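Remarks on the structure that follows.
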């Protein structure tokens with residue numbers, strides 16, 4: 108059974124600090140990696156994707172991928188209260204289907 | 002602006018009833034998906050479709066069926082609702098061939114009594 112694992116949290120981070128979210132996956136043939144954000148009572152929305160090893164930056168968000176260690180992380184710099192949400196990691200496996208983690212709840216404290 | 006709509010935000014049904022959940026997208030996407038989301042379990046794929054009249058089972062298809070008669074519409078059917086099907090149901094769509102960026106509808110919270 109191919110799996111994507113995330114710490115469920117909640118992860119509490121002071122406003123202005125860096126929030127670090129982690130995700131591990133079991134399928135070594137995985138090709139693409141995604142971070143979705145889901146506000147309470149809302150549906151998920153894509154915020155970042157990464158295909159290659161290393162870092163990818165988009166504004167305050169940085170996705171990091173390490174295929175050898177089978178983990179992907181999301182860093183949020185200068186965290187804002189509006190970043191409080193559940194962050195879902197999704198991995199496109201070798202069968203081309205997305206496998207979802209259960210999500211990490213992030214709370215940014217003013 | 003891309004849009005995926007679902008027929009109901011909240012639905013309450015009784016055990017044994019036949020339930021229809023409908024999803025419509027206006028982005029001309031080939032792929033459409035039905036998920037259920039339960040606390041601590043994340044998104045679980047029920048069925049997906051990559052073309053009209055085509056369907057594929059996901060991870061948890063038991064107790065569900067789907068219909069895709071038109072490209073923009075994908076329906077989820079609970080043949081005989083049971084209490085363990087109480088959940089949030091999310092529809093999504095994406096371009097073919099790979100399901101990378103999925104656009105989600107607002108969800109239907111179904112309660113089966």
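Chains as they are written, first to last, in the working numbering: chain A, 108 to 217; chain B, 2 to 114.
Think of the CB as a built atom: it goes at the ideal place given N, C-alpha and C, for glycine as much as any other residue.
In this text the structure is predicted, and so the values were computed from the model without any measurement.
For residue 142/A, the nearest beta carbon of chain B is not closer than 8 Å to its own beta carbon. Interface flag for residue 102/B against chain A is set, since a Cβ pair is found closer than 8 Å. A distance of 8 Å or more separates the beta carbons of residue 32/B and residue 77/B. One finds 150, 151, 152 in chain A with Cβ atoms closer than 8 Å to the Cβ of residue 105/B, taken in chain order.
DSSP places residue 16/B in the coil class of the three-state scheme, outside both helix and strand. Interface criterion met: the Cβ of residue 195/A is under 8 Å from a Cβ in chain B.
By the neighbour-count criterion, in which a residue is buried when 16 or more other Cβ atoms sit within 10 angstroms of its Cβ, residue 199/A is buried.
The beta carbon of residue 166/A sits no closer than 8 Å to any beta carbon of chain B. In this structure, residue 67/B and residue 50/B form a Cβ contact; the two beta carbons are roughly 7 Å apart against a cut-off of 8 Å. Looking at the DSSP output, residue 199/A bridges to 139/A, 205/A. What residue 209/A touches in chain B, judged by beta-carbon distance under 7 Å, is 41, 42, 43, going in chain order.
Contact check between the region 112-126 of chain A and the region 3-10 of chain B: fewer than three CB pairs, one atom from each, fall below 8 Å, which does not count as touching.
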